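As you go down the protein sequences, you meet chains A and B in turn. Heads up: the first sequence begins at 1 in the working numbering, then just goes up one per residue. Heads up: the second sequence begins at 255 in the working numbering, then just goes up one per residue. Each residue gets a CB set at the ideal place from its N, CA and C atoms; glycine is no exception. Model, not experiment: these values are computed from the prediction.
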Amino acid sequence: MSTLVINDLRVSVETDQGTKHILKGVDLTIEQGSIHAVMGPNGSGKSTLAYTIAGHPKYHVEGGSITLDGEDVLKMTVDARARAGLFLAMQYPVEIPGVTVTNFLRTAKTAIDGEAPAIRGWSKQVKESMAALRMDSVFAERNVNEGFSGGEKKRHEILQLELLKPKFAVLDETDSGLDVDALKIVSEGVNRAHQATGLGVLLITHYTRILRYIHPDFVHVFVDGRVAEEGGPELADRLENEGYDRFLAPSSVN
Amino acid sequence: MPVDSTTEHGNRVHSDGGWDAADRFVPIQTRSGRFTAVDPADFPEVTGRESIWKLTPLPLVTALINDQLDGSTYAFEATDAAGATVEWVSRDDARIGTTGKPEEKASANAWHSFEKALAIKVTSDEHVELTVSRSALGSGARAGHTIIEAKPNSVATVVLQNSGGALLSENVEIIVGDGAHLTVISMQEWDEDAVHLSSHFATVGRDARLKHIVVSLGGKVVRVNPSTHLVEQGADAELFGLYFADAGQHLEQRVYVEHVAANTRSRVNYKGALNGDGAHTVWVGDVLIGKRAAGTDTYEQNRNLVLSEGTRADSIPNLEIETGDILGAGHASATGRFDDEQLFYLQSRGISEREARRLVVLGFLSEIVQKVDAGALRDRLALAIEVELAGVAS
Ligand SMILES: Nc1ncnc2c1ncn2[C@@H]1O[C@H](COP(=O)(O)OP(=O)(O)OP(=O)(O)O)[C@@H](O)[C@H]1O
Ligand SMILES: [Mg+2]
Chain A
1 MSTLVINDLR
11 VSVETDQGTK
21 HILKGVDLTI
31 EQGSIHAVMG
41 PNGSGKSTLA
51 YTIAGHPKYH
61 VEGGSITLDG
71 EDVLKMTVDA
81 RARAGLFLAM
91 QYPVEIPGVT
101 VTNFLRTAKT
111 AIDGEAPAIR
121 GWSKQVKESM
131 AALRMDSVFA
141 ERNVNEGFSG
151 GEKKRHEILQ
161 LELLKPKFAV
171 LDETDSGLDV
181 DALKIVSEGV
191 NRAHQATGLG
201 VLLITHYTRI
211 LRYIHPDFVH
221 VFVDGRVAEE
231 GGPELADRLE
241 NEGYDRFLAP
251 SSVN
Chain B
255 MPVDSTTEHG
265 NRVHSDGGWD
275 AADRFVPIQT
285 RSGRFTAVDP
295 ADFPEVTGRE
305 SIWKLTPLPL
315 VTALINDQLD
325 GSTYAFEATD
335 AAGATVEWVS
345 RDDARIGTTG
355 KPEEKASANA
365 WHSFEKALAI
375 KVTSDEHVEL
385 TVSRSALGSG
395 ARAGHTIIEA
405 KPNSVATVVL
415 QNSGGALLSE
425 NVEIIVGDGA
435 HLTVISMQEW
445 DEDAVHLSSH
455 FATVGRDARL
465 KHIVVSLGGK
475 VVRVNPSTHL
485 VEQGADAELF
495 GLYFADAGQH
505 LEQRVYVEHV
515 AANTRSRVNY
525 KGALNGDGAH
535 TVWVGDVLIG
545 KRAAGTDTYE
555 QNRNLVLSEG
565 TRADSIPNLE
575 IETGDILGAG
585 HASATGRFDD
595 EQLFYLQSRG
605 ISEREARRLV
615 VLGFLSEIVQ
625 KVDAGALRDR
635 LALAIEVELA
645 GVAS
């Protein structure tokens, strides 16, 4: 049983106006197999947390730690983190011209497993996962994310989640921009991965509607670079009704 | 890819709203009005300030401009292909000079010096593929002249495969007969100290198609300048290029398309990668839409991917329009570095940085690789690019 521990994490980013401190001491522990929802207002630092876990070079860790079963994640390169079992479904996946989805998936799978997947079993898995996510098979020959609609990009992220089988996945607003059907399809994908591999999930979202399909064990309220409150699934409903007002300092409410 | 500098221009003029003559763009000297001559003595001394020379490392090519060139025949190998012939022909062959004349002194020097022209003739109306390879040109200054003639309604792919050493100035004439479909692929995989200046002149006949692909990977200085004249109605030219400049390498291509007849179409797409100190590439794309070329449809673009510090990519598109009645005309040029977000995305899927860079460059160049429809050649090209990539630091 793996555990991802984030302890007193402080992160800044360089901007034209100087150093901006975004994460101001985040504590979060995720056991494999558990589902954590993170909700919070725009600009509170949710994506920053996601990118920092994945190792995006733009974000500077000023203090604190991230460990995976005791191993120092912050010392690992971006690709080593993925190979250690961390996965980030991005809020805005980028296009990679000239690289087909098929080629990309096989290259990633080979990198994660340390050996090329057996050709026949692999193509079958890819086909099945694409079908389950209602992705037309023509996507396999298209270039990664190139010309994909917002919803297609999100399905493609979840396709990778299913195929790469990480231990922990951070889903950064995977539900944003999805229509009701797509939301259901994508949620089922996450649940399949959760059941099949005991995936631990950190689900960043603004809306409780996805929580009707993916049931969180814990809900964390993220405000101004910290976890301001934690609770069970009922906390999400309360947030939906009341908003974040009571967590915000009067000075930051306008 | 993030774009450091880009120009994107579209130009659409409809027959009902033609431009007023007074507003029309009048260049100082139209491209078709350039001085041409087959005798190098007719050209003034080259100073390096001429627009056609100013981006080329002159000291490395002066021998080809000013010295006497060895114009004798050389050893070549040609693959067997029914419906295609390769032979040396004399200087008085009627085809010589029908596609164009030298615009600069090194080209004229070659024209003046060659003893026999290598003539490749295609007659088959079923697709034939022919490869003509040269690999033993040596290091003495030489001249060459090649004719590629596609008879009316013939269909062929001709590959000019260049490797080994060279100090070569040459002219290549390409005659695409009415209704013919000709693909010419010129592969420059020279030794690293080779110097090669080549002018291609093509005429494309009625409803004929020319696909012209320039691949420059090896050589110290490689300059291939294809000029294509769409002389009859319905003529179509697709001009592609792929180049990969390493440290100290100069790869240049000046592409010229002249729309002479009405209802002609052209597409130009060159893509290059630059890696290492002193890697220099030049792309100049001139498109001229002549007075009679109503209904012209043209688009040209050049994109460069910069992989390291210390490189220089010159990219200069030009469009001259002499008639208001065109279907479409546009050009684009962009030079950019690796996109860090692309690398992050790939790495976040477990792919190493080195492999991620490889994927991004291959992806960038693949648009051109896919244009090579000779399957074996395409595979070999992909392999050659892999070899280039092995030199890219991670
Ligand atoms: N690269 C950057 N440069 C400048 N500011 C940044 C950068 N990245 C993040 N920030 C700032 O840090 C703050 C937190 O951003 P972040 O994207 O983490 O918020 P978020 O909680 O994900 O918001 P949202 O709900 O809108 O997605 C914002 O004020 C944002 O503008
Ligand atoms: Mg965000």
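Quick one: does residue i have its CB under 8 Å from some CB of chain B?
i: residue 216/A; result: no
i: residue 98/A; result: yes
i: residue 169/A; result: no
i: residue 172/A; result: no
i: residue 32/A; result: no
i: residue 248/A; result: no
i: residue 79/A; result: yes
i: residue 118/A; result: no
i: residue 83/A; result: yes
i: residue 158/A; result: no
i: residue 112/A; result: yes
i: residue 94/A; result: yes
i: residue 206/A; result: no
i: residue 236/A; result: no
i: residue 21/A; result: no
i: residue 199/A; result: no
i: residue 107/A; result: yes
i: residue 133/A; result: no
i: residue 60/A; result: no
i: residue 220/A; result: no
i: residue 36/A; result: no
With a cut-off of 8 Å, does the C-beta of residue i fall near any C-beta of chain A?
i: residue 617/B; result: yes
i: residue 601/B; result: yes
i: residue 277/B; result: For residue 277/B, the predicted structure reports a pLDDT of 42, less than 50, and the residue's modelled location is therefore unreliable. A value from the coordinates is still provided. So no, residue 277/B is outside the interface.
i: residue 604/B; result: yes
i: residue 596/B; result: yes
i: residue 652/B; result: In the structure displayed, chain B extends from 255 to 648; residue 652/B sits before or after that span and is not available.
i: residue 562/B; result: no
i: residue 609/B; result: yes
i: residue 281/B; result: Per-residue confidence for residue 281/B stands at a pLDDT of 47, beneath the threshold of 50, marking its modelled position as unreliable; the derived number appears in the next sentence. For residue 281/B, the answer is no, since every Cβ of chain A falls outside 8 Å of its Cβ.
Can you tell me whether DSSP reads residue i as helix, strand or coil?
i: residue 160/A; result: helix
i: residue 130/A; result: helix
i: residue 122/A; result: helix
i: residue 307/B; result: coil
i: residue 287/B; result: helix
i: residue 546/B; result: coil
i: residue 503/B; result: coil
i: residue 206/A; result: coil
i: residue 276/B; result: Annotation note: pLDDT 40 at residue 276/B (below 50); position unreliable, no value reported.
i: residue 281/B; result: Caution applies to residue 281/B, whose pLDDT of 47 falls short of 50 and renders its modelled position unreliable; the model cannot decide the point.
i: residue 265/B; result: Its pLDDT being 34, under 50, residue 265/B is placed unreliably by the model, and the measurement read from it follows with that caveat. Of the three classes helix, strand and coil, the one that applies to residue 265/B here is strand, per DSSP.
i: residue 596/B; result: helix
i: residue 358/B; result: coil
i: residue 626/B; result: coil
i: residue 65/A; result: strand
Buried or exposed: which applies to residue i, given that a residue is buried once 16 or more other Cβ atoms fall within 10 Å of its Cβ?
i: residue 645/B; result: exposed
i: residue 265/A; result: Here chain A has residues from 1 to 254 only, and residue 265/A is not among them.
i: residue 466/B; result: buried
i: residue 504/B; result: buried
i: residue 247/A; result: buried
i: residue 294/B; result: buried
i: residue 359/B; result: buried
i: residue 303/B; result: exposed
i: residue 464/B; result: buried
i: residue 641/B; result: exposed
i: residue 119/A; result: exposed
i: residue 29/A; result: exposed
If you check the beta carbons only, do residue i and residue j fall under 8 Å apart?
i: residue 23/A; j: residue 11/A; result: yes
i: residue 421/B; j: residue 382/B; result: no
i: residue 98/A; j: residue 289/B; result: no
i: residue 378/B; j: residue 336/B; result: yes
i: residue 412/B; j: residue 458/B; result: no
i: residue 35/A; j: residue 164/A; result: no
i: residue 577/B; j: residue 605/B; result: no
Which residues in chain C have a C-beta closer than 8 Å to the C-beta of residue i? List them in chain order.
i: residue 621/B; result: In the displayed structure, chain C is absent; the protein chains listed are A and B.
Among all residues, which have a Cβ less than 7 Å from at least one non-hydrogen atom of ligand 2, and in what chain order do they fall?
Residues flagged by the Cβ proximity filter: 46/A, 47/A, 91/A, 172/A, 173/A and 204/A.
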